[in-house]
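Residue numbers (our numbering): 1 to 195.
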(Lines of atoms letter the chains of each structure in order from A and count residues from 1; the text may use other names and numbers.)
(Lines give C-alpha, C1' and ligand atoms only; values in the text may rest on other atoms or scores of the structure.)
Protein backbone atom coordinates (compact mmCIF):
# COMPACT_ATOMS: atom_id res chain seq x y z
CA UNK A 1 0.00 0.00 0.00
CA UNK A 2 1.38 3.42 -0.97
CA UNK A 3 0.72 6.71 0.78
CA UNK A 4 -2.49 8.70 0.53
CA UNK A 5 -1.05 10.81 -2.27
CA UNK A 6 -0.12 7.95 -4.58
CA UNK A 7 -3.58 7.28 -5.98
CA UNK A 8 -4.78 8.38 -9.41
CA UNK A 9 -5.63 12.09 -9.70
CA UNK A 10 -9.34 11.44 -10.06
CA UNK A 11 -9.50 9.56 -6.80
CA UNK A 12 -7.50 12.28 -5.05
CA UNK A 13 -9.93 14.94 -6.21
CA UNK A 14 -12.89 12.96 -4.91
CA UNK A 15 -11.18 12.64 -1.54
CA UNK A 16 -10.27 16.32 -1.22
CA UNK A 17 -13.47 17.10 0.66
CA UNK A 18 -12.78 14.32 3.14
CA UNK A 19 -9.12 15.34 3.51
CA UNK A 20 -10.20 18.92 4.27
CA UNK A 21 -12.66 17.59 6.86
CA UNK A 22 -10.07 15.34 8.51
CA UNK A 23 -7.42 18.04 8.70
CA UNK A 24 -9.90 20.67 9.92
CA UNK A 25 -11.25 18.35 12.61
CA UNK A 26 -7.69 17.61 13.71
CA UNK A 27 -6.92 21.32 14.02
CA UNK A 28 -10.24 22.08 15.74
CA UNK A 29 -9.49 19.35 18.28
CA UNK A 30 -5.87 20.40 18.70
CA UNK A 31 -6.22 24.14 19.23
CA UNK A 32 -9.95 24.78 19.50
CA UNK A 33 -12.50 25.68 16.87
CA UNK A 34 -12.43 29.43 17.59
CA UNK A 35 -8.66 29.68 17.21
CA UNK A 36 -8.49 27.81 13.92
CA UNK A 37 -8.64 29.83 10.69
CA UNK A 38 -9.36 28.76 7.11
CA UNK A 39 -5.83 29.89 6.27
CA UNK A 40 -4.34 27.45 8.79
CA UNK A 41 -6.48 24.63 7.43
CA UNK A 42 -5.24 25.45 3.92
CA UNK A 43 -1.62 25.59 5.12
CA UNK A 44 -1.86 22.27 6.92
CA UNK A 45 -3.35 20.74 3.75
CA UNK A 46 -0.70 22.42 1.66
CA UNK A 47 -3.27 23.98 -0.70
CA UNK A 48 -4.10 27.61 -1.48
CA UNK A 49 -6.91 29.30 0.36
CA UNK A 50 -8.68 29.57 -3.02
CA UNK A 51 -8.51 25.79 -3.48
CA UNK A 52 -10.06 25.33 -0.05
CA UNK A 53 -12.66 27.99 -0.84
CA UNK A 54 -13.76 25.97 -3.85
CA UNK A 55 -15.07 23.30 -1.45
CA UNK A 56 -16.03 25.34 1.61
CA UNK A 57 -16.64 29.07 2.06
CA UNK A 58 -16.40 29.14 5.87
CA UNK A 59 -15.15 26.97 8.67
CA UNK A 60 -18.77 26.68 9.87
CA UNK A 61 -19.51 25.00 6.55
CA UNK A 62 -16.63 22.60 7.12
CA UNK A 63 -17.83 21.66 10.60
CA UNK A 64 -21.45 21.21 9.54
CA UNK A 65 -20.35 19.04 6.60
CA UNK A 66 -18.15 16.92 8.87
CA UNK A 67 -21.10 16.44 11.14
CA UNK A 68 -23.53 15.59 8.36
CA UNK A 69 -21.20 13.18 6.58
CA UNK A 70 -20.03 11.41 9.73
CA UNK A 71 -23.53 11.01 11.15
CA UNK A 72 -25.20 10.00 7.89
CA UNK A 73 -24.67 6.33 8.87
CA UNK A 74 -26.90 6.97 11.92
CA UNK A 75 -29.68 8.13 9.59
CA UNK A 76 -29.14 5.07 7.40
CA UNK A 77 -29.35 2.87 10.50
CA UNK A 78 -32.60 4.52 11.62
CA UNK A 79 -34.03 4.05 8.13
CA UNK A 80 -33.04 0.37 8.24
CA UNK A 81 -34.41 -0.10 11.76
CA UNK A 82 -37.79 1.33 10.81
CA UNK A 83 -38.21 -1.43 8.21
CA UNK A 84 -37.44 -4.20 10.73
CA UNK A 85 -39.71 -6.07 13.15
CA UNK A 86 -39.27 -5.06 16.83
CA UNK A 87 -37.47 -8.29 17.67
CA UNK A 88 -34.56 -8.81 20.03
CA UNK A 89 -32.39 -9.72 17.00
CA UNK A 90 -33.17 -6.35 15.44
CA UNK A 91 -32.31 -4.48 18.62
CA UNK A 92 -29.02 -6.33 19.05
CA UNK A 93 -28.15 -5.55 15.44
CA UNK A 94 -28.98 -1.85 15.95
CA UNK A 95 -26.70 -1.76 19.00
CA UNK A 96 -23.93 -3.56 17.12
CA UNK A 97 -24.10 -1.25 14.10
CA UNK A 98 -24.31 1.85 16.27
CA UNK A 99 -21.18 0.73 18.12
CA UNK A 100 -19.34 0.56 14.78
CA UNK A 101 -20.62 3.96 13.69
CA UNK A 102 -19.40 5.52 16.95
CA UNK A 103 -15.99 3.88 16.61
CA UNK A 104 -15.68 5.41 13.15
CA UNK A 105 -16.72 8.88 14.31
CA UNK A 106 -14.82 9.07 17.59
CA UNK A 107 -12.82 12.24 16.72
CA UNK A 108 -16.07 14.07 15.90
CA UNK A 109 -17.75 13.01 19.14
CA UNK A 110 -14.69 13.97 21.13
CA UNK A 111 -14.79 17.38 19.45
CA UNK A 112 -18.50 17.75 20.27
CA UNK A 113 -17.86 16.81 23.88
CA UNK A 114 -15.09 19.41 24.25
CA UNK A 115 -16.71 22.23 22.25
CA UNK A 116 -20.27 22.27 23.45
CA UNK A 117 -20.72 26.02 23.01
CA UNK A 118 -19.76 25.85 19.32
CA UNK A 119 -21.91 22.80 18.80
CA UNK A 120 -24.89 24.64 20.32
CA UNK A 121 -24.25 27.79 18.35
CA UNK A 122 -24.10 25.97 15.01
CA UNK A 123 -27.21 23.96 15.88
CA UNK A 124 -25.24 20.79 15.27
CA UNK A 125 -26.39 19.67 18.71
CA UNK A 126 -30.06 19.93 17.75
CA UNK A 127 -29.53 17.83 14.66
CA UNK A 128 -27.77 15.29 16.83
CA UNK A 129 -30.72 15.23 19.27
CA UNK A 130 -33.01 14.47 16.33
CA UNK A 131 -30.77 11.57 15.33
CA UNK A 132 -30.85 10.28 18.91
CA UNK A 133 -34.61 10.60 18.98
CA UNK A 134 -34.81 8.50 15.82
CA UNK A 135 -32.57 5.83 17.34
CA UNK A 136 -34.66 5.77 20.47
CA UNK A 137 -37.78 5.15 18.45
CA UNK A 138 -36.37 2.05 16.77
CA UNK A 139 -34.84 0.55 19.90
CA UNK A 140 -37.54 1.25 22.51
CA UNK A 141 -40.90 -0.53 22.47
CA UNK A 142 -43.48 2.20 23.08
CA UNK A 143 -45.59 -0.15 25.19
CA UNK A 144 -42.70 -1.49 27.28
CA UNK A 145 -42.80 -0.54 30.94
CA UNK A 146 -40.80 2.47 32.03
CA UNK A 147 -37.81 0.60 33.45
CA UNK A 148 -37.39 -1.32 30.18
CA UNK A 149 -37.61 1.88 28.15
CA UNK A 150 -34.90 3.33 30.39
CA UNK A 151 -32.76 0.21 29.83
CA UNK A 152 -32.93 0.67 26.06
CA UNK A 153 -32.06 4.36 26.21
CA UNK A 154 -29.28 3.49 28.67
CA UNK A 155 -27.84 1.08 26.10
CA UNK A 156 -27.29 4.09 23.79
CA UNK A 157 -25.86 6.23 26.61
CA UNK A 158 -23.57 3.38 27.64
CA UNK A 159 -22.04 3.43 24.16
CA UNK A 160 -21.57 7.23 24.28
CA UNK A 161 -20.07 7.09 27.76
CA UNK A 162 -17.78 4.32 26.59
CA UNK A 163 -16.06 6.77 24.27
CA UNK A 164 -15.13 9.28 26.97
CA UNK A 165 -15.34 7.82 30.43
CA UNK A 166 -13.28 4.71 29.89
CA UNK A 167 -10.17 6.33 28.47
CA UNK A 168 -8.02 5.52 31.49
CA UNK A 169 -9.10 1.88 31.74
CA UNK A 170 -6.29 -0.54 31.08
CA UNK A 171 -7.49 -2.14 27.83
CA UNK A 172 -7.15 -1.66 24.09
CA UNK A 173 -9.79 0.47 22.34
CA UNK A 174 -11.13 -2.70 20.70
CA UNK A 175 -11.43 -4.52 24.06
CA UNK A 176 -13.24 -1.53 25.53
CA UNK A 177 -15.56 -1.28 22.57
CA UNK A 178 -16.41 -4.96 22.91
CA UNK A 179 -17.05 -4.66 26.65
CA UNK A 180 -19.28 -1.63 26.13
CA UNK A 181 -21.13 -3.44 23.34
CA UNK A 182 -21.66 -6.45 25.64
CA UNK A 183 -23.18 -4.25 28.34
CA UNK A 184 -25.40 -2.40 25.85
CA UNK A 185 -26.55 -5.74 24.39
CA UNK A 186 -27.30 -7.04 27.89
CA UNK A 187 -29.45 -3.98 28.56
CA UNK A 188 -31.61 -4.37 25.44
CA UNK A 189 -31.86 -8.12 26.07
CA UNK A 190 -33.04 -7.58 29.62
CA UNK A 191 -35.52 -4.93 28.48
CA UNK A 192 -36.84 -7.27 25.81
CA UNK A 193 -37.38 -10.10 28.29
CA UNK A 194 -39.58 -7.75 30.24
CA UNK A 195 -41.65 -6.93 27.16
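Where is the CB? At the ideal position from N, CA and C, for every residue including glycine.
Contact check for residue 109 and residue 163: beta-carbon distance about 6 Å, within the 8 Å limit, so the pair qualifies.
With a cutoff of 8 Å on beta-carbon distance, residue 143 and residue 194 are scored as not near each other.
Residue 93 sits in a helix when the DSSP states are folded into three classes. For residue 100, the closest C-alpha among the options 86, 114, 77 and 120 is that of 77. Look at residue 116 here: in three-state DSSP terms it is helix. Nearest in C-alpha terms to residue 63, of all of 25, 170 and 183, is 25. In the structure shown, the three-state DSSP call for residue 160 is helix. Taking the Cα of residue 70 as reference, the smallest distance to any Cα among 43, 84 and 105 is reached at 105. Rounded to the nearest angstrom, the Cβ distance from residue 29 to residue 111 is 5 Å, consistent with a contact under 8 Å.
DSSP places residue 60 inside the alpha helix (DSSP H), whose first and last residues are 59-83. According to the DSSP assignment, residue 122 belongs to no alpha helix (DSSP H), since it is labelled neither H nor E.
Taking a 10 Å sphere around the C-beta of residue 155, we find 16 or more other C-beta atoms and assign the residue as buried.
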